[in-house]
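Here's the structure, in C-alpha cells; my notes come after.
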Amino acid sequence: MTKVFVDGREVEADPRDNLIEAARRIGVAIPYFCYHPRLSIAGQCRMCLVETSDAPGRLVPGCQVRVKEGMKVVTSSPAVRDNQRGCMEFHLINHPVDCAICDQSGECKLQDYYMEFDHQPSRIRTSKLNKPKREIFGPLVVYDAERCIMCTRCVRFMDEIAQEPQLAVVDRGSHSLISTFPGQPLDSKYSGNTVDICPVGALLNRDFRFQSRVWFVEKSPAVCTGCANGCNVYLESRGNLIYRLLPRRNEEVNQVWMCDEGRLTHHETNEKRVEQGDLARAIELLRPIAGKPGIGISLSAQCTNEEAAAAFDFGARIGAEKYFFTARLDGDGDDFLIRQDKNPNRRGVELAARAAGVTLHDSVEGIKALVAFRTDGLLLEKPLEVFIAIAQNQGIEGQVTLPCQSVYEQDGSVINYYGRLQRTWPGVPAERGESAPAWSWAERILAGLGIAGAPRSAAAAFDLLGLPGLKLEAIPEEGVVLEQLLPAQWPKRAPRPAGAAR
Amino acid sequence: MPRTDLSPGERLYLREAVRGMGVLARHFWKNLFGFRDPAPEVMERKGRGVNLVSTINYPEERKEYPPGYRGMHRLVPRLDGKPRCVACYMCATACPAQCIYIEAGEYEEEAIEKYPVRFEIDELRCIVCGFCVEACPKDAIRMDTGTHAPAVLSRPLAVFDKESLLRGPAVEHSTDVLTYRVPLKTPPR
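Keeping their order, the protein sequence lines are chains A and B. Under the working numbering, the residue at position 301 of the first sequence is numbered 301, and the numbers go up by one with no gaps. Counting from 1 along the second sequence, just add 1000 to a position and that's the residue number in the working numbering.
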C-alpha cells in the first residue's frame, strides 16, 4: 500500500491507484467526465485537475497521475476550484441546455457539477454552435452532438471493451463530434453500454427514450434473464411496468457491463402477459386424475430454482409419471458476456431435478395430462386430455392458463452458466392481475385437492433444493459460487471469480 | 387558579356588554348608509347604498378575480398553435396532488423533439397551488384564464385533456428562436 495525503488526510492507497481512486477511498469526490475506471485514460475533460506536492503551483490531472509515497494532494484549493469553474463554463459554452427534453436530466453530470462547481449565469453573448441532433447511431443508440462534451468514453469503450471500433471523433476543435463510420451503424451487441457511460445526454437509449423521467422510476437489484450468463442488473420500474435495465456492478459476473439483448428482456414482463386464471377449474380438471397414472409435469429453464423445486414437489404429491424439460432455443454467444443458452436457469432446474431424484425428458409424449410450469419452448404433438399451463406470456395456452410472475417480479434465485447461485428480488411495485410465482400456484392447486405440505414461500421451496448450509435469505447480493457446478472451461474474456480456471 | 387577565371593570361584564353593543351599532349604521368603500361590480346599479356589503346578483353580476388569481389551467400555445409544452414532466413532478398525467412523444422534424401526446389534468384532484406554473421551464402551463374549473356531473368529465386545455393567447419569447432552428444533419461522408 502507498501512503498519500488527500486534503491533509492520510490515505492507504493501492500503488496502482490514480489520484481520483485514492481520494475516493476516503470519500473525497474529485469531479470528472472522461475518466472511467475500466477504460484507458484520455485526459479530455480537464475537470479532475488537482494540486500535488510533486508539482507545486501547477495543476495535474487526477485521472492520469498515479499515487506516490508521501504525495500530498489538494482537491479544493482556490486554484483547483477556479479550474473546475472554468472547465464547466467551457463545457457549457455550446451546450444547448435543453434539459427539459433531455432524457439524461436527473442523472446528468453536467447538471450535478453545474450545481456544485459552477453555479453562475452564462457569459456567452454569441449564438451557440449548431450541430447534428438526434442522429440514429444504431438500433439502440441515438446521438445528439450539441450535448456532447467530447469525453470520448464511448469511443474508448467500443475500442477496448466491446472490441468493435465503431465510433470515432471527427472534425476539429469545437466542431468535433462523435460519428460512426460510413455505412457502418453502431450495431455492436454491447452498444447500450455507451449510453450508460455517457456522462451527459449525448448518447441516449432509443428504447427508453421519452418513456419516463429517471426520477420517477425505482431502482431495484435483479438478475438478467436474457441468457445463462446471469448478468447483475438494476430494474427501473414504476407501477407494474419495468422501464429499463441497467447493469449492476459484479466484478465476477459482468463487471459493469451488459449486452443489448439483455437490456430489452423487460419487454416480456411488460407486454402480452397472461393476467387472469381460473384456479377452481384447474382443481376441478385435476381432481379426477390426481394420483392416477398418465400425469406429466413440464418445466422450463426459465423457472427460478424455487419454481423448479416446487414443480418436482408438486409432481411427487400428485403422482406424476414423467417430467419434461423445455427451454428456449440457443442463440448467439461470444467469449465475453453473451452465452448461447438463452435461459437464465438451466443449471438450477437440473440441480433441482437431481435433488428430487427425477429424470427429465425432452419431448412431451406418453402422457394424458400435463401441468406446465412455464411454457417456454413447450411443443405439444397432439392435444392432451388435460393441459394446465402456468404461463407468463400469452402464446401457449392450456385448458386453464394460470398467470405466472416473471423472474423480475418474484422472490427467488437462479443459477447461471458458471454455477453461481444468484438471488433475485421482486422489483416491480404493482401487481399484474392475478399473477403469482409458479410455486404459489402449485401450492394452491394442491391445497384445493386437499393435499397439504407443499412449500408456501420462496424460502421453503428453496430448501427443497438440497443445498446444505444455504438459505434463500442469506444469499448475498453478489451471489454464491457453487463449487460443484463450476465449469472446467471458461470463455476467454468472461469475468470470473478469483481462482477460477483460465 | 385565579384569573388575572380580566380587570375588575371587565369582571362586571356590564361595561363590556355595552361596549359590544356600541361596536354592533357602529357597523349597523355604516352599512345602512353606505359609508364603506363601493364595490366596482355593483356600481353600475346606480343609487344610494351601493357598497361592499351590497348583494351581488350572481350570475348576472360577477366579481372580477384579482390579477394573481390562480384559475383553471391552460396549456399555452405557440404561434403555430402547437403547445409550448415539451413534456418534461416538471409540473407532474412538482404537483403535490399528482393530478397531471403526461405521455411524451417525438416530433419527427422539429428541433424541439419532444411534445406531449397526452396531457391531462384532473381538476378534481388539483388543489390549485400553482406549483405546476412555477415549475414549468417553458412557460407552457399557466393559470391565467380567470375562470375556475367548471362544475361537472361525473368525475371523468373533470379530467381535461390536451385539446381542451390548449387555449388562450399564444406566447412567444425572444429566446424561442433558438429552439425553432432546423437541426443540422451530418454531411454524407
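All residues carry an ideal CB built from backbone N, CA and C; glycine is no exception.
Under a three-way DSSP split, which group does residue 308 (chain A) fall into? Your numbering for residue 308 (chain A) matches position 308 in the first sequence. Looking at residue 308 (chain A) - three-state DSSP - the assignment turns out to be helix.
If we count Cβ pairs, one from each stretch, closer than 8 Å, do we get three or more for the region 446-466 of chain A versus the region 309-322 of chain A? yes
Mind listing, in chain order, the continuous alpha helix (DSSP H) runs of no fewer than 4 residues lying wholly within the region 58-144 of chain A? 78-91 and 109-113
Residues from the region 85-109 of chain A in contact with chain B, defined by Cβ distance under 7 Å: 100 and 101
With burial defined as no fewer than 16 other Cβ atoms inside 10 Å of the residue's Cβ, what is the status of residue 369 (chain A): buried or exposed? As a first step, residue 369 (chain A) must be located in the first sequence, where it is residue number 369. Buried, since its Cβ has 16 or more Cβ neighbours within 10 Å.
Quick one: is the Cβ of residue 1116 (chain B) within less than 7 Å of any heavy atom of the ligand SAM? The ligand SAM is not part of the structure shown, which contains no ligands of any sort.
Quick check on this structure: which residue in A:246, A:362 and A:354 has the alpha carbon closest to the alpha carbon of residue 296 (chain A)? Residue mapping note: residue 296 (chain A) aligns to position 296 of the first sequence, counting from 1. Answer by Cα proximity: A:362.
Residue 421 (chain A) vs residue 480 (chain A) beta-carbon contact at 8 Å: As a first step, residue 421 (chain A) must be located in the first sequence, where it is residue number 421. As a first step, residue 480 (chain A) must be located in the first sequence, where it is residue number 480. Result yes, Cβ atoms of residue 421 (chain A) and residue 480 (chain A) sit closer than 8 Å.
Could you tell me whether any Cβ in chain A is nearer than 8 Å to the Cβ of residue 1077 (chain B)? The residue labelled residue 1077 (chain B) in the question sits at position 77 within the second sequence. Taking Cβ atoms only, chain A never reaches closer than 8 Å to residue 1077 (chain B), which makes this a no.
If we call anything under 8 Å between Cβ atoms a contact, is residue 435 (chain A) one with residue 403 (chain A)? For the purposes of this step, residue 435 (chain A) is identified with residue 435 of the first sequence, where counting begins at 1. For the purposes of this step, residue 403 (chain A) is identified with residue 403 of the first sequence, where counting begins at 1. Going by C-beta atoms, residue 435 (chain A) is nearer than 8 Å to residue 403 (chain A).
When the Cα atoms are used, what is the spatial distance from residue 12 (chain A) to residue 76 (chain A)? Taking the first residue of the first sequence as 1, we reach residue 12 (chain A) at position 12. Taking the first residue of the first sequence as 1, we reach residue 76 (chain A) at position 76. The alpha-carbon atoms of residue 12 (chain A) and residue 76 (chain A) are separated by roughly 20 Å.
Please classify residue 105 (chain A): is it buried, with 16 or more other beta-carbons within 10 angstroms of its beta-carbon, or exposed? The residue given as residue 105 (chain A) occupies position 105 in the first sequence. Residue 105 (chain A) comes out buried.
Taking only beta-carbon atoms, is residue 1137 (chain B) less than 8 Å away from chain A? The residue given as residue 1137 (chain B) occupies position 137 in the second sequence. It does: the Cβ of residue 1137 (chain B) has a partner Cβ on chain A nearer than 8 Å.
Can you tell me which residues form a DSSP beta bridge with residue 1004 (chain B)? As a position in the second sequence, residue 1004 (chain B) is number 4, starting the count at 1. Partner(s): none; residue 1004 (chain B) has no beta bridge.
Would you verify that the beta carbon of residue 137 (chain A) is, or is not, closer than 8 Å to some beta carbon of chain B? Residue numbering aside, residue 137 (chain A) sits at position 137 when the first sequence is read from its first letter. Closer than 8 Å: no.
Taking residue 1141 (chain B) as the reference, which of B:1127, B:1167 and B:1149 has the closest Cα? By 1-based counting over the second sequence, the position of residue 1141 (chain B) is 141. Nearest C-alpha to residue 1141 (chain B): B:1167.
Does DSSP put residue 1109 (chain B) in a helix, a strand or coil? For this step, residue 1109 (chain B) is matched to residue 109 along the second sequence. Three-state result, residue 1109 (chain B): coil.
Measure the Cβ-Cβ separation of residue 117 (chain A) and residue 84 (chain A) and say whether it is below 8 Å. Locating residue 117 (chain A) in the first sequence gives position 117, where the first residue counts as 1. Locating residue 84 (chain A) in the first sequence gives position 84, where the first residue counts as 1. In contact: residue 117 (chain A) and residue 84 (chain A) (Cβ atoms closer than 8 Å).
If contacts are defined as beta-carbon pairs under 8 Å, then residue 1193 (chain B) and residue 1113 (chain B) qualify, I think. What distance do you get, rounded to the angstrom? Here chain B comprises residues numbered 1001 to 1189, so residue 1193 (chain B) is not present and cannot be evaluated.
Taking its Cβ as the centre, do 16 or more other Cβ atoms sit within 10 Å of residue 1028 (chain B), making it buried, or is it exposed? By one-based count along the second sequence, residue 1028 (chain B) stands at place 28. The residue is exposed, with fewer than 16 neighbouring Cβ atoms inside 10 Å.
Span of the beta strand (DSSP E), counted from its first residue to its last, around residue 300 (chain A): In the first sequence, the residue the question calls residue 300 (chain A) occupies position 300. Run containing residue 300 (chain A): 295-300, per the beta strand (DSSP E) assignment.
Looking at the unbroken beta strand (DSSP E) that takes in residue 177 (chain A), where does it start and where does it end? Here residue 177 (chain A) refers to the residue found at position 177 of the first sequence. Run containing residue 177 (chain A): 177-180, per the beta strand (DSSP E) assignment.
For residue 517 (chain A), the nearest candidate out of A:218, A:239, A:385 and A:275 (CA to CA): Residue 517 (chain A) lies beyond the residue range present for chain A, which begins at 1 and ends at 502; the question has no answer from this structure.
For the beta strand (DSSP E) containing residue 235 (chain A), name the first residue and the last one. Within the first sequence, residue 235 (chain A) is the residue found at index 235, counting from 1. Start and end: 232-238.
Let me know the secondary structure DSSP gives residue 490 (chain A) once reduced to three states. As a working mapping, residue 490 (chain A) is identified with position 490 in the first sequence. DSSP places residue 490 (chain A) in coil when its eight states are reduced to three.
Local conformation of residue 393 (chain A) per DSSP, three classes: Within the first sequence, the letter at position 393 stands for residue 393 (chain A). DSSP places residue 393 (chain A) in strand when its eight states are reduced to three.
Spatially closest choice to residue 129 (chain A) from A:247, A:489 and A:175, by CA coordinates: Walking along the first sequence from the start, residue 129 (chain A) turns up at place 129. When each option's Cα is compared against that of residue 129 (chain A), the closest is A:175.
Applying the 10 Å Cβ sphere with the 16-neighbour rule, what's the burial state of residue 115 (chain A)? Translated into positions along the first sequence, residue 115 (chain A) becomes position 115. Flag for residue 115 (chain A) reads exposed.
At least 3 beta-carbon pairs within less than 8 Å: the region 196-216 of chain A vs the region 148-156 of chain A: yes
Measure the C-alpha to C-alpha separation of residue 331 (chain A) and residue 18 (chain A) and round it to an integer number of angstroms. The residue labelled residue 331 (chain A) in the question sits at position 331 within the first sequence. The residue labelled residue 18 (chain A) in the question sits at position 18 within the first sequence. Spanning the two alpha carbons is a distance of roughly 41 Å.
Limits of the alpha helix (DSSP H) - the one that residue 1133 (chain B) falls within: Working through the second sequence from its first residue, we reach residue 1133 (chain B) at position 133. Its alpha helix (DSSP H) spans residues 1131-1135.
I'd like to know if residue 1088 (chain B) contacts chain A, where contact means its C-beta is closer than 8 Å to some C-beta of that chain. Within the second sequence, residue 1088 (chain B) is the residue found at index 88, counting from 1. Answer yes: the Cβ-Cβ gap between residue 1088 (chain B) and chain A drops below 8 Å somewhere.
When the Cα atoms are used, what is the spatial distance from residue 1189 (chain B) to residue 165 (chain A)? Reading the second sequence from its first residue, position 189 is the one you call residue 1189 (chain B). Reading the first sequence from its first residue, position 165 is the one you call residue 165 (chain A). Note on residue 1189 (chain B): pLDDT 46, under 50, position unreliable in the model; the coordinate value appears next. So the two alpha carbons sit approximately 18 Å from each other.
Nearest candidate by alpha-carbon position, reference residue 298 (chain A), set A:250, A:266, A:398 and A:246: Along the first sequence, one-based indexing puts residue 298 (chain A) at 298. Comparing Cα-Cα distances from residue 298 (chain A) to each of A:250, A:266, A:398 and A:246, the minimum goes to A:398.
Any beta carbon from chain A within less than 8 Å of residue 1149 (chain B)'s own beta carbon? Along the second sequence, read from residue 1 onward, the residue named residue 1149 (chain B) stands at position 149. So no, residue 1149 (chain B) is outside the interface.
By DSSP, does residue 1189 (chain B) sit in helix, in strand, or in coil? Reading the second sequence from its first residue, position 189 is the one you call residue 1189 (chain B). A caution first: residue 1189 (chain B) carries a pLDDT of 46, below 50, which makes its placement in the model unreliable, though a value can still be read off. In the structure shown, residue 1189 (chain B) sits in coil (DSSP, three-state: anything other than H, G, I, E or B).
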